[in-house]
Amino acid sequence: MPKASPFLSLLLLLLLITIYIAHGAAGDAIGGDPWQEPEVAQQPAVVLAGEWQLLHQNTGVSAMHMQLLPGDYVLMFDRTDSGPSNISLDALSPCAAAATTALAAAGGGAVDCTAHSVLLDLRSNALRPYPLATNPWCSSAALLPNGTLLQTGGFSNGDRIARLFSPSTGWVDLPSFLAVRRWYATDILLADGRVLILGGRRQFNFEFFPHDDAPAPQPTLFPFLEETIDMDAEDNLYPFLHLLPDATVFVFANDRAVVFDPYNRAPLRRLPAIPGGVPRNYPSSGSSVLLPLRPDSPSHAEVLVCGGAPRGAYRLALRNGTFAPADRTCGRIAPTDANPVWAMEEMPLPRAMGDMVLLPTGDVLIVNGAAAGTAGWELGREPVTYPVLYKPDMQLGARFEVLAASTIPRMYHSSATLDTLGRVLVGGSNPHVGYALDNVTYPTELSLEAFLPPYFDARLDGVRPRLVAAPAEVGYGEAAAVRFEVPGGAVSGGPEEVRVAAVAPAFATHSFGMNQRVVSLAVGTVAQLAAGLYEAQVAAPPSPSVAPPGYYLWFVLHAGVPSTAAWVRMRPLGAAT
Ligand SMILES: *[C@@H]1O[C@H](CO)[C@@H](O)[C@H](O)[C@H]1NC(C)=O
Ligand SMILES: *[C@@H]1O[C@H](CO)[C@@H](O)[C@H](O)[C@H]1NC(C)=O
Ligand SMILES: *[C@@H]1O[C@H](CO)[C@@H](O)[C@H](O)[C@H]1NC(C)=O
Ligand SMILES: *[C@@H]1O[C@H](CO)[C@@H](O)[C@H](O)[C@H]1NC(C)=O
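Given below as structure tokens:
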């Protein structure tokens, strides 16, 4: 268990004292009555609350789907059938004049010459539009081990398409790839480098990318999805999938969970239902993460599920205009235990449609969403603009902190992802059928923000490590060296002061980060090479079920503060070096 660093604790204490003094020892940093006894020192949550930055007022596209890609790009895309976006394709494609004239002459409607996907270059902050030929609305995706994004399904002309995306090729459609139509499915990368594509509306089955060699690939039935469907609301779409360290897959839908082996080498295991009966999947839309995997207990995994909307909330919002209060509970379970049980806890704020983002520290940021209503057009109310931090290693009751609020409400069709710098990019939100930029309560959001978690605080600069060298590629269990600088020098106390985390980039949409994963690496010796320059020996993840092959962000942490990351590729088993 990574202990809170003594250095960081001391620093926090000093900050608390500073703030206590700054408030004249009578302060009400939390908003209490001024004549009450000061209790500031018991409220560390306000000390390092994080910070919001606006990266783009207008990216042109509302970020319904978001994926960080190797090379430091962030792909954002929306549906293609919502009418024109706010970024033109004119400069790139011959769409424009000729096609418009031809169609208009033939009495057709307006031709859409806008882009529905954009790529952000994190180094320059520049945006580049990419044409999308078919509709990826409410789709799923996974980064393949070679760094190409596989994206699957969508709506209408896109519902059986698999697409590949890389910045150099743009979108390439694989027409009719999917055995069935998939809308609201979930994709995860498996230990063998294949992608499991599971579910979707009225699809109680799964298939793989790539397919078997069979000429007409058949989906495999998965009755759990039929069992968990609610009449008139579903509440089991975009199931939460997590790859467990024994290569089986945890599946959560509605308020129930199973563990299964997609290759059918082991029987399906049923886990207890999460207490309380609150559905957690679309449109009740809670969120879930696999908590960080640790080198000292490589076969142990824990899953956290937070928020959602009570059963019936969707129908009430849709048919009766009544917006039920969102749920505020989280359930935590270790599906790898012999007899797993849910441990319940409460968030400081209720939330549906939240995004849970794993940070390099191993903490979980919960951001975006609403305190009333559900997912679906026009069905969310009371945006929750305060992110909340969950610290899994703290005592029960001391795990949550409320952080600084954004000024921009983000509810249905918003997204969030960790970037290479350790920031959380936050975008999207469009609860309307088309783009409604003004004169509505919750306008379509084309902006992109970065939330800087508390570890960006300038008061931590003295201990902040700077990563200077990491391997470009490693094999399972191999030893690797990571070099870093600490401006103030003084890496004290040895390895427990230094940690290395490998973070898999997620595909974020509809309140779930598919393939999101943090793997803590075992740190051996930390040697000082020169003044302020250090080299840590680390062990790469032990197996592809702990860390499937492909691209990871490696962050060094010193005294609990992460560096910016280097991209490190986990070489597939058996691949040439
Ligand atoms: C984007 O929105 C702005 C402001 O509403 C408008 O002036 C501009 O023409 C729009 N651009 C495109 C390509 O739709
Ligand atoms: C990555 O893998 C996909 C699927 O096999 C393939 O189509 C694509 O060309 C590969 N990309 C690169 C850059 O090798
Ligand atoms: C349905 O809406 C009516 C009118 O707003 C309200 O009085 C009633 O409580 C709602 N029904 C439920 C079950 O919330
Ligand atoms: C704003 O919305 C209201 C209500 O939907 C509508 O009556 C009004 O015409 C709209 N105003 C503009 C400027 O679009």
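All the letters of the sequence shown, read from the start, carry residue numbers -24 to -1, 1 to 553 under mature numbering (1 follows the signal peptide of the UniProt record, and there is no 0).
By construction, the Cβ of each residue, glycine as well, lies at the ideal position given by its N, Cα and C atoms.
Item checked: Spatial distance of Ser61 from Tyr411 (CA atoms) -> Roughly 7 Å between the two C-alpha positions.
Notebook entry, point to check: What residue ranges within the segment 287 to 372 form continuous beta strand (DSSP E) runs of no fewer than 3 residues, ordered along the chain?
Noted result: Whole beta strand (DSSP E) segments, 3+ residues: 305 to 309, 319 to 322, 331 to 334, 340 to 343, 346 to 349, 356 to 359, 364 to 366.
Notebook entry, point to check: Are the beta-carbon atoms of Phe488 and Ser263 separated by less than 7 Å?
Noted result: Contact: yes.
Next item on the list: Assess, as a yes-or-no matter, whether the segment 520 to 537 is touched by the segment 545 to 552 under the definition of 3 or more beta carbon pairs within less than 8 Å.
Entry: Cβ pair count under 8 Å is three or more, so yes.
Next item on the list: Locate the alpha helix (DSSP H) running through Phe180, then write down its first and last residues.
Entry: Neither: Phe180 is in no alpha helix (DSSP H) and is coded neither H nor E.
Check: Start and end of the alpha helix (DSSP H) containing Glu377?
Finding: Glu377 -> not in any alpha helix (DSSP H); beta strand (DSSP E) instead, spanning 376 to 378.
Check: Residues in its own chain within less than 8 Å of Ser539 by CB, not counting five upstream and five downstream?
Finding: Hits under 8 Å: Gly398, Arg440, Pro441, Arg442, Leu443, Phe460, Phe531, Val532, Leu533.
Notebook entry, point to check: Taking the beta strand (DSSP E) that Phe460 falls in, what are its first and last residues?
Noted result: It spans 455 to 461 - the beta strand (DSSP E) in which Phe460 sits, taken as one unbroken run.
Check: Could you check where the alpha helix (DSSP H) with Leu280 kicks off and where it finishes?
Finding: Not the alpha helix (DSSP H): Leu280 falls in the beta strand (DSSP E), residues 279 to 282.
Notebook entry, point to check: Less than 7 Å separating the beta-carbons of Ile250 and Trp318?
Noted result: A contact, by the Cβ cut-off of 7 Å.
Item checked: For Ser142, the three-state DSSP class (helix, strand or coil) -> Ser142: strand per DSSP, three-state reduction.
Checklist line | Any non-hydrogen atom of ligand 3 closer than 6 Å to Thr350 Cβ | finding: No - ligand 3 has no heavy atom lying nearer than 6 Å to the Cβ of Thr350.
Check: So does the segment 364 to 372 actually touch the segment 390 to 407, counting three or more Cβ pairs closer than 8 Å?
Finding: With a cut-off of 8 Å, the segment 390 to 407 and the segment 364 to 372 do not count as touching, because too few Cβ pairs lie within range.
Item checked: Rounded distance between the beta-carbons of Pro311 and Leu372, thought under 8 Å -> Cβ atoms of Leu372 and Pro311 stay farther apart than 8 Å, at about 19 Å.
Check: Does the pairing of the segment 43 to 57 with the segment 105 to 125 give three or more beta-carbon distances under 8 Å?
Finding: Three or more beta-carbon pairs drawn from the segment 43 to 57 and the segment 105 to 125 are found closer than 8 Å, and the two stretches are therefore classed as touching.
Margin query: Just verifying my parser: in three-state terms, what is the DSSP assignment at residue 604?
Written below: Since the first residue shown for the chain is -24 and the last is 553, residue 604 is missing from the structure and cannot be characterised.
Check: To which residues of the same chain is Arg435 closer than 6 Å at the C-beta, ignoring the five residues directly before and after it?
Finding: Correct list: empty, nothing qualifies.
Margin query: Within the continuous beta strand (DSSP E) that includes Ala542, where are the two ends?
Written below: Element bounds for Ala542: 542 to 546.
Notebook entry, point to check: What's the gap between the Cα of Asp433 and the Cα of Ala25?
Noted result: Using only the alpha carbons, I get a separation of about 9 Å.
Checklist line | Length-filtered (3 minimum) beta strand (DSSP E) runs lying within the segment 199 to 270 | finding: For the segment 199 to 270, whole beta strand (DSSP E) runs of length 3 or above, ordered along the chain, are 216 to 219, 225 to 229, 232 to 236, 263 to 266.
Margin query: So, at 7 Å on beta carbons, what are the nonlocal neighbours of Gly7 in its own chain, with the 5 sequence-adjacent residues on each side left out?
Written below: Summary for Gly7: the model assigns pLDDT 31, below 50, so the residue's position carries little reliability; its value from the coordinates is reported in the next sentence. The beta carbon of Gly7 is closer than 7 Å to none in its chain, skipping five residues each way along the sequence.
Notebook entry, point to check: Mapping DSSP to helix, strand and coil, what is Ile434?
Noted result: Strictly speaking, residue 434 in this sequence is Ala, with Ile absent from that position. Looking at Ala434 - three-state DSSP - the assignment turns out to be helix.
Next item on the list: Measure the alpha-carbon distance for Phe200 versus Glu210 and round it to whole angstroms.
Entry: C-alpha of Phe200 to C-alpha of Glu210: approximately 13 Å in a straight line.
Checklist line | Coil, strand or helix - Glu421 by DSSP | finding: The DSSP-derived three-state label of Glu421 is coil.
Next item on the list: From the DSSP output, in three-state form, read off Ser390 for me.
Entry: Ser390 falls in the strand class under three-state DSSP.
Check: Which residues share a DSSP beta bridge with Ser487?
Finding: None; Ser487 has no bridge partner.
Next item on the list: Quick one: give me the first and last residue of the beta strand (DSSP E) that Arg399 is part of.
Entry: Looking at the DSSP string, Arg399 is not in any beta strand (DSSP E), and its letter there is neither H nor E.
Next item on the list: Return yes when the Cβ of Gln43 is within less than 7 Å of the Cβ of Leu125, no when it is not.
Entry: Contact check for Leu125 against Gln43 passes: the beta carbons are separated by less than 7 Å.
Note to self: Taking the straight line between their C-alpha atoms, what separation do you get for Val378 and Asn406?
What the structure shows: One Cα belongs to Val378, the other to Asn406, and the distance between them is close to 25 Å.
Checklist line | Minimum C-alpha distance to Gln492 - residue among Asn230, Asp437, Pro481, Pro151 | finding: Of the candidates Asn230, Asp437, Pro481, Pro151, the one whose C-alpha sits nearest the C-alpha of Gln492 is Pro481.
Checklist line | Identity of the residue in Leu267, Phe236, Phe180 nearest Leu166 by Cα | finding: Comparing Cα-Cα distances from Leu166 to each of Leu267, Phe236, Phe180, the minimum goes to Phe236.
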